[in-house]
Every structure is written in structure tokens, then in C-alpha cells.
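For the record, the sequence lines run as chains B and F.
Quick note: the first sequence uses the numbering used here, first residue 14, plus one each step.
Quick note: the second sequence uses the numbering used here, first residue 1190, plus one each step.
In this text, a Cβ means the ideal position worked out from N, Cα and C, and glycines have one as well.
None of these values were measured; they are calculated from a predicted model.
Okay, so here's the structure we're looking at.
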Amino acid sequence: NAGVTQTPKFQVLKTGQSMTLQCAQDMNHNSMYWYRQDPGMGLRLIYYSASEGTTDKGEVPNGYNVSRLNKREFSLRLESAAPSQTSVYFCASSEATLAAEQFFGPGTRLTVL
Amino acid sequence: GNSVTQMEGPVTLSEEAFLTINCTYTATGYPSLFWYVQYPGEGLQLLLKATKADDKGSNKGFEATYRKETTSFHLEKGSVQVSDSAVYFCALSPYNTDKLIFGTGTRLQVFP
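If you want it as C-alpha cells, here you go:
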């Protein structure tokens, strides 16, 4: 089992460029999440998907879009990158039950110049 | 609203010292509480959790007790090792959801 995988590991973009961060899980989980991690701010939820075909905004959704392509895959798209989106991005998945453990991917470090 | 407050780091200890990392929370209803750990260059992993008042979560020598009266979930370990060096995040899951709200994280550095 690979668990949660993310690609790419590192990316540098110029302001205004677009890109998609990919995430896949092989644990048959219904719930998937995208977070960003910034120094001194912990992890903040960007978007959430409770099941295939559904997505909801989290705490910091502005400037991002998501797609839950199927049960395994949940992608995050930056349409027009800004320096404020420089961050480390984590994808996670869990069973759709209360207090379920979330399993995290290794992260993508994104720099926007 | 819901929020988590953790002590600022870094916490610097010698091997075999006693560890406490403080965590307090604000929440409506009865949240579940978690500690996650992040080793350098990796994603977060669940360390322990507690789902109701007075529950004690434990794993790998770490413990935390869900204290409703003080709205706290402090992390403790009796004897830390160099391999415990990591960033520790306290988190809560509000009642009736599976989403997590994280604290800002506390870096622990353990020296031989």
C-alpha cells in the first residue's frame, strides 16, 4: 500500500502561471482534504471532499479549485498563482466517520515568484 | 468558534527529560481531540486521540488526557529520545464533523 501519494514534490511558478497538484489514495477512503501549511499558522483546510462528486470550501479556498475525479483522486488547481500561495500543500484522506484518523501525503513545496 | 492554542516552540530538551507540550481548545459541543506528529520532510501522522472527556490517549510512550473542565489536552512523555525530535500539532474535530482544526505546531528538539 502506497497510502497517500502527491505529485510533484517541488514546484516553482511565476506569478500568473497555473498548475495542478495531484493526489491519490489507495485506502478506499471516502473523505479527502487539501491543506496548506505556513510557518506559525499550522495547517489550514483549503477544500474538502466527502465523497466522489462532492466538494466543499474550507477555511482558505480563495484562488484554488478542486476536482474529485473518482474515489481515489483529488486534485488542487491554482489558476493564476500569486506569491501569497507560496506554501507547503498536503493532501489527506480518511474514512467518513467521526474522529477518524486522517492519513497525509508527503507534501508539495510550492514557490511562487 | 472552534480554535486550538499550543505553546510556542521550540522546546529543547536533553535525552531522557520529561516532556510537556500544552494545548488548550475552544469549541462548541463535544469535540474529539488529537495529537499529530510531523517528522522532518514528511507529512503528518496521528500520534494519539481522545473522543470524550476524561479519556486518555496513548501511543509510543506519549499520553494526553481530555480535560473538559480546563479545555486542555496536554501532551506528555516521561523520557524523550533524540528520535522524538519533530513538530507536534494539537487538533480538534468539532462535534458531528470529520474535519480537523489544527494548532500552530510546537517544534521539539532533543539533544543527546
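| query | result |
| --- | --- |
| Apply the 10 Å Cβ neighbour rule to L111(B) and answer buried if 16 or more other Cβ atoms are within range, or exposed otherwise. | exposed |
| Taking all protein chains shown into account, decide if F1207(F) is buried (16 or more other Cβ within 10 angstroms of its Cβ) or exposed. | exposed |
| Measuring only between beta-carbons, confirm whether S1261(F) sits less than 9 Å from chain B. | no |
| Along the chain, which unbroken stretches of the beta strand (DSSP E) at least 3 residues long are found entirely within the stretch 92 to 119 of chain B? | 100 to 107 |
| As a quick exercise: from L91(B), E86(B), Q98(B), pick the residue whose alpha carbon is nearest that of Y105(B). | Strictly speaking, residue 105(B) in this sequence is Ala, with Tyr absent from that position. Nearest of L91(B), E86(B), Q98(B) to A105(B), Cα basis: E86(B). |
| For the stretch 1224 to 1235 of chain F, enumerate the residues whose C-beta is nearer than 9 Å to any C-beta of chain B, in chain order. | Y1225, Q1227, G1230, E1231, G1232, L1233, Q1234, L1235 |
| Measure the CB-CB distance between A95(B) and L123(B) and report whether it falls below 9 Å. | no |
| How far does the beta strand (DSSP E) with M32(B) in it extend, from its first residue to its last? | 32 to 38 |
| Pick from P52(B), D51(B), V79(B), G53(B): whose alpha carbon is nearest that of A63(B)? | V79(B) |
| According to DSSP, is V1299(F) helix, strand or coil? | strand |
| Quick one: complete beta strand (DSSP E) runs, 3+ long, within the stretch 1211 to 1248 of chain F? | 1212 to 1215, 1221 to 1227, 1233 to 1239, 1245 to 1248 |
| Report the residue from M32(B), T68(B), Y102(B) whose alpha carbon sits nearest the alpha carbon of R90(B). | M32(B) |
| In the DSSP assignment, find the unbroken beta strand (DSSP E) run with F1262(F) in it and report its ends. | No beta strand (DSSP E) holds F1262(F); DSSP gives it neither H nor E. |
| Sorted by chain position, which residues of the same chain lie with C-beta nearer than 7 Å to V1193(F)'s C-beta, five sequence neighbours on each side aside? | C1212, Y1214, C1279, A1280, L1281, I1290, F1291, G1292 |
| Run down chain F in chain order and give the residues with a C-beta less than 7 Å from the C-beta of Y61(B). | K1288 |
| Give a yes or no on whether 9 Å exceeds the smallest Cβ distance from F1251(F) to chain B. | no |
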